[in-house]
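One structure is given here, and the rest of the page talks about it.
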Amino acid sequence: MTGLVLFACLVFFGADASGQERVQISYSSVEAPNANWYIAQDRKLYQKYGVDAESIYIPSSTTVINAIIGGSIKLGNGSGGAIANAAVAGANVVAVASFINTLPYELVVQESIKSAADLKGKVVGIARLGSSSDVAARVLLRGLGLDPDKDVAIVQSGSGAERVAAFRGGRVAAFPSPPGVIHLAKGIPHRVIISTADLPKSLPFPYASLTTTKSYLASHRETVKRVLMALIEGSHFFKTRKEESKRLLAKYSKQNNEAFLEGSYLGNEPIYEKVPYMNREGMEIQIKEALTRRPGFTLKYEDVVDESLVVQLEKEGFIQKLYKQ
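Just so it is clear: in the sequence shown, position 289 is 317 by our numbering, and no numbers are missing.
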């Protein structure tokens, strides 16, 4: 009888027999900006902090956000744009941390494209509409003086490696590339026509943010805290253990190109936040952009960001202790 009661309690509270909380978690990319998510999975950091995580790869942060809204995923990686767009559409989403707060992208084009005028009428490949690559493509196109909605055709082409394949096959004439991905285009005549580093002002953007619903955060705050601890330690691992991180990047991206691995690591390690606060300016830019699609709707930074767990972990000395090891 006692065993039946214990089993019922475990089922009711969503725990396994070891007492760990069972939760579905998703990352949105197999590239370096999401490395802390699969490092946490591979190094069993979720279990270390008492979470029995089912870690699922769902391409594109917009798709991850939709899964969170639908309830099939409890926590996942979301970009500032995807979070703001979902909130403006009425979704009950909230970001609790942001591990990367900038968009380090280049716009790679066919070698024959020498100017912005040459790019007019061409096809630009992104991951998915509303994704980080979509935001980056639009920012870079505007940086060239082009209207992303009128001067080019933006199509969904998948992950960085899939965009390179579409580029190689001539299905797209350009694609936004995060650090390292350009090395997968070796052997294809190409050039970088503009990068975010070329813009007159740096681009603050919540690129990789731990996201959930407000209701889940309220009812499972301790679980969210433990997942956050695992992801912060995953970021620490990436920043401090280069060769092991490159091996995990190769494993999850299924790419063994050394130039890609090295470029991805060197381009992303410096921008991983030690203390993962959201960049307020970057998020407010995304909120303002999202609000243009719903005139009259009101949305503030505090409506979609709750950093209290980051504040708590910083006060408790958790992050400082990690980096003193």
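Heads up, the beta-carbon is just placed ideally off N, CA and C, and yes, glycines get one too. These numbers were taken from a predicted model, which means no experiment stands behind them.
Are residue i and residue j touching if we call contact CB-CB under 9 Å?
i, j, result
"Thr-251", "Ile-111", "no"
"Glu-59", "Ser-187", "yes"
"Arg-322", "Val-116", "yes"
"Leu-147", "Val-255", "no"
"Ser-89", "Ser-56", "yes"
"Val-137", "Arg-249", "no"
"Ala-371", "Val-333", "Outside the shown range of the chain (29 to 353) lies residue 371, about which nothing can therefore be said."
"Pro-234", "Met-306", "yes"
"Val-167", "Ala-202", "no"
"Ser-247", "Val-163", "no"
"Ala-236", "Phe-127", "yes"
"Ile-299", "Thr-130", "yes"
"Leu-277", "Ala-63", "yes"
Pick from the options: whose alpha carbon is nearest that of residue i?
i, options, result
"Glu-230", "Gly-108, Tyr-133, Leu-337, Leu-276", "Checking the displayed sequence, the identity of residue 230 turns out to be Ser instead of Glu. The shortest Cα separation from Ser-230 among Gly-108, Tyr-133, Leu-337, Leu-276 belongs to Tyr-133."
"Arg-199", "Pro-206, Val-183, Glu-261", "Val-183"
"Ser-243", "Gln-348, Gly-98, Lys-352, Pro-87", "Gly-98"
"Val-51", "Thr-91, Ser-100, Tyr-85, Val-92", "Ser-100"
"Tyr-329", "Ala-119, Met-311, Val-339, Leu-350", "Met-311"
"Thr-320", "Ile-93, Lys-343, Gly-109", "Gly-109"
"Lys-178", "Gly-149, Asn-296, Ser-161", "Gly-149"
Who are the Cβ neighbours of residue i in its own chain at under 6 Å, not counting the five residues just before and after it?
i, result
"Lys-72", "none"
"Leu-169", "Pro-176"
"Gln-353", "none"
"Ala-225", "none"
"Ala-144", "Leu-172, Gly-173, Leu-174"
Report all residues from its chain with a CB closer than 7 Å to the CB of residue i; omit the five preceding and five following residues, and keep chain order.
i, result
"Gln-48", "Gln-75, Gly-78, Val-79, Asp-80"
"His-211", "Asn-285, Ala-287, Phe-288, Gly-291"
"Ile-222", "Leu-135, Leu-168, Gly-171, Leu-172"
Just checking my contact of residue i with residue j at CB under 8 Å: how many whole Å lie between their CB atoms?
i, j, result
"Ala-95", "Leu-259", "The Cβ separation is near 18 Å, so there is no contact."
"Ser-54", "Asn-105", "7 Å"
"Ala-125", "Val-339", "That belief does not hold up - the Cβ atoms of Ala-125 and Val-339 are roughly 10 Å apart, past 8 Å."
Output needed for residue i: all residues of its chain with C-beta closer than 8 Å, excluding positions within five of it in sequence on either side, in chain order.
i, result
"Leu-341", "Lys-253, Leu-256, Met-257, Ile-260, Ile-347"
* To do: May I ask you to verify whether the segment 191-208 touches the segment 258-274, counting CB pairs closer than 8 Å and requiring at least 3?
  => At 8 Å Cβ cutoff, the stretches do not touch.
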